[in-house]
Each structure stands twice: as structure tokens, then as C-alpha cells.
Amino acid sequence: MKKSIILFVFFVGLLSCNQNKYPVGIFPEEATNLSVINSPFDDVNSDVPTINHGFKLVFSSNRINSQPNHFNLVESNLVFYWDKSEGFLRVDRGNTLFDTWLRDWVRKTETNFNEKGPYTFFDSEAGDILLFSRDDAEGVYSILSEPREANSQEIDGAEASLRLMENGSSVMYPSFYGADYLKGAGVESQGRPEKMLFSSDRDGTFDIYEVDLPASGSVLEYLQSAEEKDIQKIGMNTTSNDHMPFVYGDLLVFSSDRPGGYGGYDLYYSFRSGGGWTEPENFGPKINSEFDEYRPVVSNAMGFENQLMIFSSNRPGGLGGFDLYFVGIPKF
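Under my numbering, think of the first position of the sequence shown as 11, with each following residue one higher.
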């Protein structure tokens, strides 16, 4: 069986021998700074944590070169412990025993340009894939793939671009979904994606688009091919920026500066329904602020009564400009 991507773990542990007075964990309902991860620089755009063995998170930061406009991908340990006897959540970096494979994989993407928006998935032929967005000398972003290793004749392990829009517009933040697809599940249960969402500024502001995926064969090979693709805007876009989509099951979360928010970019959610998406709703003041909230990602956690959402924000009180935050949201 091929190894699944291992980026993160939830360990619901009993930290003492006392009776389990609080058997079910809970993530805080108000946004909380991931201070064990953040730095005095900008830390943004995390990949969703995979609920499996391991302690890994991948995100984008300008901490590596200490240059405000130069972002590269970074990996870090991250562990959530729920104390069943006292009923509190502890967050720390865990240990670094299994650092090497992910660190080496992530560092293959590093260039003098900006790398943002990591997204990992398992391809039926190419194996473990890291998708991310990189800009060029003109500041235009495209989505690239970095296989962990070569697994087919067609996909040789080299970095390559996804061929989606080739008119000089930026293409960023891929996210897969489908009736049987669940990001973060093990290889045996995650299913096959049917569509991919991404955002592009093709029409001047960022909108969310979707592309149909083939029912068989390598999804990655198809996205890299010159084959004409059916790409459409989804129905809930506005004349404002609708950006950074992420799908978990039937839940879509994204960032937008549409009217009616709390200021800057806010986080919104929508549900898949009847082949489309419901009218988006704002996550509210416990999560959003008068500043910017970017790139939300969601994952379920066994042993917790709510779901985990991680995002980035430049609100006051952080360690740097943009910091990573986490919060509990309902299991919709």
C-alpha cells in the first residue's frame, strides 16, 4: 500500500491517570494565535492538517530570508493534546524525529520567487503530490506540482505547471472535492476527486473557478496536459475579490472583501447543494476582524466535538505581520 501524506496529527491523550472527566475535546470558539508556530515575520497559507500519524504542517513564510516580499514554503511540527482529566487543550511543537522527509520535499520548491498556498494530495499514479503557487518576474502566479518521488513514466518526479489559464492571469489556491473525496483522509478512504476549485484574477478581481476532473487515470497528468479543460466560475462570486477556496466534504470556506464584512478580507462558508453552492455566510466576529483573514483550511478531528479551522490574519496582538490562527467551528 502506498504511503499517505503525513503532515499533522491530533493526539487525544490522557495526560494523567485521573478519571476521564472530559472525554471529548473541544477547540476554542474564538480565533487563537498559533504562537508555537508563528514568528516575527509573516506566516500564512497553511495546508490542512492530515489526521493520521505524524506531526507536520506546511505553510508559507518570509522568515527564511527575512525579506518582507519573499515567501517560501516552511514545514513545522504541530501537536494538539486534549487533557481528558482537566479539560484543556495544549498545543506544542512535538518532537522532530521524523522531520527529514517532509523538510527535504518542501525545500525542493524554494526559489528566488514567492511560493504560497501549499496543498497536498495523493494521485493514483503519481503518488504524494505537493501543489503550490509561484509568481514570476511580472508577479503573475501559476500552480505547480512537486511530486515526492517519481511513480510513473508520465510523471517523472520533476516540478511542473498545471495548465489552466494561459492568458497572463494569476492562478492560485487549488482544492479538490467530490462525492466520495475527503481531504486529509487516509489513502484507502479519501476517494477520488471529481472537480478542482482555484482562484484567478482573469477578469480583474479574484474569482473562484472550478474544473472538471477525469473519472479515471492520473488527475495530475490531466491537469498538466494541453488538453482543453471545462473551466467555469462558480455561482457565488461577486464583483469583489473571492479568493483562496478550500473544500472539506460539502463545506467550502474562502476569503473575500465583499461588502457586509467586518473589514478587509473576511472568512465565509458555503455548502455544496444541487450541483452548486449555497449563498455564502460570514463566520462572524469571533473569527473575523476589522483586519484581513486569509486562506482558511478545515479538517475533522476524531475525539473532538467541533472541527478545526486554521487561517492567517494580520490583526493586532500577533507575533509578526500575518500570523496563523486556529479556531473550532461546528461539524456542519
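Every residue gets a Cβ at the ideal spot worked out from N, C-alpha and C, and that includes glycine.
Subject >> Assumed close pair methionine 206, leucine 230 - CB separation to whole angstroms, cut-off 8 Å >> reply: Residue 206 sits at position 196 when you count from the first residue of the sequence shown. Residue 230 sits at position 220 when you count from the first residue of the sequence shown. Going by Cβ atoms, the distance from methionine 206 to leucine 230 rounds to 11 Å, so no, they are not a contact pair.
Original post:
Expressed to the nearest angstrom, what Euclidean distance is found between the alpha-carbon atoms of glycine 286 and methionine 246?
Top reply: As a working mapping, residue 286 is identified with position 276 in the sequence shown. As a working mapping, residue 246 is identified with position 236 in the sequence shown. Straight-line measurement puts the Cα of methionine 246 at about 9 Å from the Cα of glycine 286.
Original post:
Between which two residues does the beta strand (DSSP E) harbouring tyrosine 219 extend?
Top reply: Start at 1 with the first residue of the sequence shown, and residue 219 comes out as number 209. Residue range 217-222 is occupied by the beta strand (DSSP E) that includes tyrosine 219.
Original post:
Anyone know if the C-beta pair for aspartate 252 and serine 265 falls short of 9 Å?
Top reply: Looking up residue 252 in the sequence shown gives position 242. Looking up residue 265 in the sequence shown gives position 255. Closer than 9 Å, so yes.
Subject >> Neighbourhood of proline 203 by C-beta, 8 Å cutoff - its chain only, sequence neighbours within 5 removed >> reply: On the sequence shown, residue 203 is found 193 positions in, with the first residue counted as 1. Cβ within range, chain order: Phe131, Phe186, Tyr187, Gly188, Tyr191, Leu223, Val229.
Subject >> Expected contact under 8 Å - CB spacing of glycine 330 and aspartate 53 to nearest Å >> reply: For the purposes of this step, residue 330 is identified with residue 320 of the sequence shown, where counting begins at 1. For the purposes of this step, residue 53 is identified with residue 43 of the sequence shown, where counting begins at 1. Between aspartate 53 and glycine 330 the Cβ distance is about 6 Å, and since that is below 8 Å, they are a contact.
Original post:
So is aspartate 146 buried or exposed if we call it buried at 16+ other beta carbons inside 10 Å?
Top reply: On the sequence shown, position 136 is the one that residue 146 refers to. Its Cβ having fewer than 16 others within 10 Å, aspartate 146 is exposed.
**OP:** With a floor of 3 residues, list each beta strand (DSSP E) that falls wholly inside the region 139-214, ordered by position along the chain.
**Re:** 151-157, 181-187, 205-210
**OP:** With a floor of 4 residues, list each alpha helix (DSSP H) that falls wholly inside the region 59-101, ordered by position along the chain.
**Re:** Correct list: empty.
**OP:** Look at the alpha carbon of asparagine 48 and the alpha carbon of proline 269, and state the distance between them as a whole number of angstroms.
**Re:** Counting from 1 along the sequence shown, the entry for residue 48 is found at position 38. Counting from 1 along the sequence shown, the entry for residue 269 is found at position 259. When rounded, the distance between both Cα atoms is 30 Å.
**OP:** Assign aspartate 57 to one of three DSSP states: helix, strand, or coil.
**Re:** Taking the first residue of the sequence shown as 1, we reach residue 57 at position 47. If DSSP states are grouped into helix, strand and coil, aspartate 57 belongs with coil.
Original post:
How would you write the range of the beta strand (DSSP E) that arginine 103 sits in, first residue to last?
Top reply: Here the question's residue 103 lines up with position 93 in the sequence shown. Arginine 103 -> no beta strand (DSSP E), and no H or E assigned at all.
**OP:** Determine which residues share a DSSP beta bridge with phenylalanine 123 and list them.
**Re:** Against the sequence shown, residue 123 aligns to sequence position 113. BP columns for phenylalanine 123 are empty, so no partner.
Original post:
Looking only at its own chain, which residues have a Cβ that is under 8 Å from the Cβ of lysine 341, when we skip the five neighbours before and after it?
Top reply: Within the sequence shown, residue 341 is the residue found at index 331, counting from 1. Cβ within range, chain order: Asn310, Glu315, Asn316, Gln317.
**OP:** Would you mind reading off the limits of the beta strand (DSSP E) that contains valine 308?
**Re:** Start at 1 with the first residue of the sequence shown, and residue 308 comes out as number 298. Start and end: 303-309.
**OP:** Would you check if the region 274-283 and the region 293-300 touch, i.e. whether three or more CB-CB distances between them fall below 8 Å?
**Re:** yes
Original post:
Could you give the residue range of the beta strand (DSSP E) that holds valine 116?
Top reply: Counted from its first residue, the sequence shown places residue 116 at position 106. Unbroken run through valine 116 is the alpha helix (DSSP H), 110-117; no beta strand (DSSP E).
Subject >> Outcome for methionine 312 when other beta-carbon atoms lying within 10 angstroms are tallied against a minimum of 16 >> reply: Within the sequence shown, residue 312 is the residue found at index 302, counting from 1. Burial call: exposed.
Subject >> Strand pairing of isoleucine 320, partner residues [DSSP] >> reply: Position 310 of the sequence shown holds residue 320. Partner(s): Val307, Phe336.
Original post:
Any idea what DSSP makes of valine 229, helix, strand or coil?
Top reply: As a working mapping, residue 229 is identified with position 219 in the sequence shown. Note: valine 229 maps to helix in three-state DSSP.
Subject >> glutamate 148 classed as buried or exposed, judged by whether at least 16 other C-beta atoms fall within 10 angstroms >> reply: Within the sequence shown, numbered from 1, the residue matching residue 148 stands at position 138. Exposed, because fewer than 16 other Cβ atoms sit within 10 Å of the Cβ of glutamate 148.
Original post:
Which residue comes first and which comes last in the beta strand (DSSP E) that contains tyrosine 278?
Top reply: Position 268 of the sequence shown, counting from 1, holds the residue named residue 278. Start and end: 276-283.
Subject >> Straight-line Cα distance separating threonine 248 from phenylalanine 321 >> reply: In the sequence shown, counting from the first residue as 1, residue 321 sits at position 311. In the sequence shown, counting from the first residue as 1, residue 248 sits at position 238. Cα to Cα, phenylalanine 321 sits roughly 22 Å from threonine 248.
Original post:
Taking three-plus beta-carbon pairs below 8 Å as touching, is the region 332-339 in contact with the region 30-39?
Top reply: Touching, per the Cβ criterion.
Original post:
Between which two residues does the beta strand (DSSP E) containing tyrosine 258 stretch?
Top reply: Indexing the sequence shown from 1 puts residue 258 at position 248. Bounds of the beta strand (DSSP E) holding tyrosine 258 are 252-258.
Subject >> Alpha-carbon spacing of glutamate 156 relative to lysine 31, whole angstroms >> reply: Along the sequence shown, read from residue 1 onward, the residue named residue 156 stands at position 146. Along the sequence shown, read from residue 1 onward, the residue named residue 31 stands at position 21. Roughly 45 Å between the two C-alpha positions.
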